[in-house]
Amino acid sequence: MVNQLCRRTLTSAAEAEADALRDALLQLLPAALAPDDAPEANPEALPGDSLLEYARQLIDESLGQASLDPDALARRMKISVRRLYRLFEAENDSVCRYIQHRRLQRCAQDLSNPALKSHSITTIAFKWGFVDSAHFSRPFKKHYALAPREYRQRALA
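Residue numbers (the working numbering): -17 to 139.
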């Protein structure tokens, strides 16, 4: 069946290319047919601490997406927004505060990276999910007690 699919798709392709595609598809087939054991498939089965760690992992993976918010995260985790808020409240934190804190940390890392000194501050802020300079600069200055430009100058001095 896979062989027929490859041959139909690559009617004009060389025999070797069709064979290579068939072999690649056959290697992927077991993974595609395997049951999904990822936590995302059944997050309710995770204990609270593990579910919180899973939320933090998903946040870290999604920091660059400006659309990352509690609603989107809860949908991705397949839990209620209220449950998501409770996970962070148990740690005396909030989802929004955690997301902003992680974004600020990533921005600070990039601002202090000599390899990224040619990137503008705005570019770095947008890379980590901030949607405008003001929404980045004010919390950055509040958190680090320095404006982003000053932070970068000191870090790269």
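C-beta atoms are modelled at their ideal positions from N, C-alpha and C, and glycine is treated no differently.
Predicted model only: the values in this text are computed from it and were never measured.
Measuring alpha carbon to alpha carbon, tell me which residue in the options is nearest residue i.
i           : options     : result
residue 37  : 98, 54, 137 : 54
residue 107 : 69, 90, 42  : 90
residue 41  : 76, 64, 72  : 76
residue 135 : 95, 63, 121 : 95
residue 69  : 34, 78, 133 : 34
Suppose you measure from the CA of residue i to the CA of residue j; what does that come to, to the nearest Å?
i           : j           : result
residue 66  : residue 48  : 19 angstroms
residue 39  : residue 124 : 25 angstroms
residue 73  : residue 98  : 34 angstroms
residue 100 : residue 93  : 10 angstroms
residue 18  : residue 60  : No answer about residue 18 holds up, because its pLDDT of 43 lies below 50 and its placement is not dependable.
residue 79  : residue 51  : 11 angstroms
residue 22  : residue 32  : A caution first: residue 22 carries a pLDDT of 46, below 50, which makes its placement in the model unreliable, though a value can still be read off. If I take the Cα positions, the gap works out to 12 angstroms.
residue 103 : residue 115 : 9 angstroms
residue 137 : residue 43  : 25 angstroms
Within a Cβ cutoff of 7 angstroms, which residues of the same chain sit near residue i, ignoring the five residues on either side of it in sequence?
i           : result
residue 85  : 45, 110, 111, 112
residue 82  : 121
residue 119 : 129, 130
Can you tell me whether residue i is helix, strand or coil according to DSSP?
i           : result
residue 114 : coil
residue 119 : helix
residue 7   : Unreliable positioning characterises residue 7 in this predicted model, as indicated by a pLDDT of 48, which lies under 50. The coordinate reading is nonetheless provided below. Residue state, collapsed to three classes: helix.
Looking only at its chain, what residues have a beta carbon closer than 8 angstroms to the beta carbon of residue i, apart from the 5 residues adjacent to it on each side?
i           : result
residue 126 : 86, 90, 133
key: Continuous beta strand (DSSP E) assignments of at least 3 residues falling wholly in the region 39 to 97   = none
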